[in-house]
Amino acid sequence: MALKHLLACLSLVGLEAKKALVIVDTQDCFLENGSLPVVASQIIPKLNQIRNEKDCLFDLVVKTQDYHPAGHISFGTSHGMAQDSPNAQMSNSWRGAMTMQCIKNGGNDEACCPLYYVNSSAVTCNPPLEYCAPDGFYNSSTNPMLMNNPACTTCKNSPDSCFSMNMELWLDHCLQSGDSALASNLVSKTTDVIVQKGQIPYIEMFSAFMDNTRNYKSELDAKLKENGITEVYAAGIATTHCVRWTVQDAIFLGYNASIIMDASAGIWGTPTSYANESEAIADFQRQGITVLNTADLLKMTCESVAQDTSNAMASSMSLLSLMGLSSLWS
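Quick note, the sequence shown lines up with residues 1 to 330 if you use full-length UniProt numbering.
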């Protein structure tokens, strides 16, 4: 009982903000020889340096893992496109984009269906910005993209229950049965928390927090709240996609968010990315996201975290004394 009273008092004065390091999708599939390659191996020494020298700054370390089933909706092959060989440049792995109809409040039916199937008359083909599958592709009753997809029924029969969004298409990548493992040379500790994403076949999920429709949430938000985290520091692959969506959703969910730029790999110069790094930094800052480099973290002292906690404890003792509860400390 004494401990419960003490914790309640501590919550009133507030401890130092608790921080989480979220390492996004630093996996074999996104490295140079992977199924959806990015020039990203240079960030691993940065991430390892942070872990080896400044792990004490973080109350929790999370690693996310893109973990797709075969036939995922983000794969070009799921929409009749050919699978080409990757060549260490994600811009050549991008397959265009397609308009989807997605269920507004999915409940247990988080899903999107190609607009071409829901209402083919609404589609204007202009590859690769809008892609139309080969004739008859979406009319096959055995097409796995359609046969078990709840959005293809809901959005066709009840269009008001759905909304439109663009979805980027890619080479098949990060398959559960393929090269989705976390990078083997990334520092790993038994306390690291692994959060998988992208497992649901009919929705895309860039963010580590939730899918692109914001209907489905991963376990990340719950894990952070369970550990009292209020600040998120994100790094990994790719700055323009999964890292960006993760810090944006962190802000959306009420966290303070920072991105560690030089420990993140971007895919600059593709039709779907920022034109350059400076443009990305400006966009992050406009959204209230703090932009850091590894050097900024290395300057932080773990002693200051301990001192802040000590000061909060002293404040708590003063509060307990004022409340006549100082005996609860012993």
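Ideal placement from N, C-alpha and C gives every residue a C-beta, glycine not left out.
M300 carries a coil assignment under DSSP once its states are collapsed to helix, strand and coil.
According to the DSSP assignment, W170 belongs to the beta strand (DSSP E) that extends over 162 to 170.
Taking T294 as reference, the option from I260, S278, I267, A265 with the minimal CA-CA separation is I260. Excluding sequence positions up to five before and after M98, its CB lies within less than 8 angstroms of the CB of H79, P114, L115, Y116, E130, Y131, N166, M167, L169, all in the same chain and listed in chain order. Apart from the 5 residues on each side of it in sequence, Y255 sits with its Cβ closer than 8 angstroms to the Cβ of L224, I229, T230, E231, V232 in its chain, given in chain order. According to DSSP, G198 shares a beta bridge with no other residue.
Scanning I73, S41, Q287, Y67 for the CA closest to the CA of Y202 turns up I73. Secondary structure within the segment 22 to 81: the alpha helix (DSSP H) runs of 4 or more consecutive residues, fully enclosed, are 43 to 54 (chain order). Of K104, Q101, T77, the smallest CA-CA separation from S93 is found for T77. Our two residues, T64 and A222, have alpha carbons roughly 14 angstroms apart in a direct line. The Cβ atoms of V243 and V24 sit closer than 8 angstroms to each other. In this structure, the CA atom of Q196 is about 8 angstroms from the CA atom of S218.
Spanning the alpha carbons of L292 and A234 requires a straight line of approximately 10 angstroms. Going by beta carbons, S180 and D66 fall inside the 8 angstroms limit. With a 10 Å radius around the Cβ and a threshold of 16 neighbouring Cβ atoms, E226 comes out exposed. DSSP, read as helix, strand or coil, puts K189 in coil.
For P37, the number of other beta carbons within 10 angstroms of its own is at least 16, and it is reported as buried.
Per DSSP, P144 lies in no beta strand (DSSP E); the unbroken alpha helix (DSSP H) holding it starts and ends at 144 to 147. Here the C-alpha atom of L146 lies approximately 18 angstroms from the C-alpha atom of G198.
When the Cα atoms are used, V247 and S258 turn out to be separated by approximately 7 angstroms.
Nearest to R95 by C-alpha distance, out of H173, S41, K19, is H173.
Residue burial annotation: E53 is exposed, with fewer than 16 other C-beta atoms found within 10 angstroms of its C-beta.
Looking at the DSSP output, K18 bridges to I229. Beyond the five residues adjoining it in sequence on each side, P150 comes within less than 6 angstroms, by CB distance, of D109, A111 in the same chain, given in chain order. One Cα belongs to F163, the other to F58, and the distance between them is close to 39 angstroms.
With fewer than 16 other beta carbons inside 10 angstroms of its own, L298 counts as exposed.
Boundaries of the alpha helix (DSSP H) around L115: 115 to 118. Within the DSSP secondary-structure output, L182 pairs in a beta bridge with Q27. Counting the other CB atoms within 10 Å of its CB gives S207 a total of 16 or more, which places it among the buried residues.
The beta-bridge partner set that DSSP reports for V291 consists of I259.
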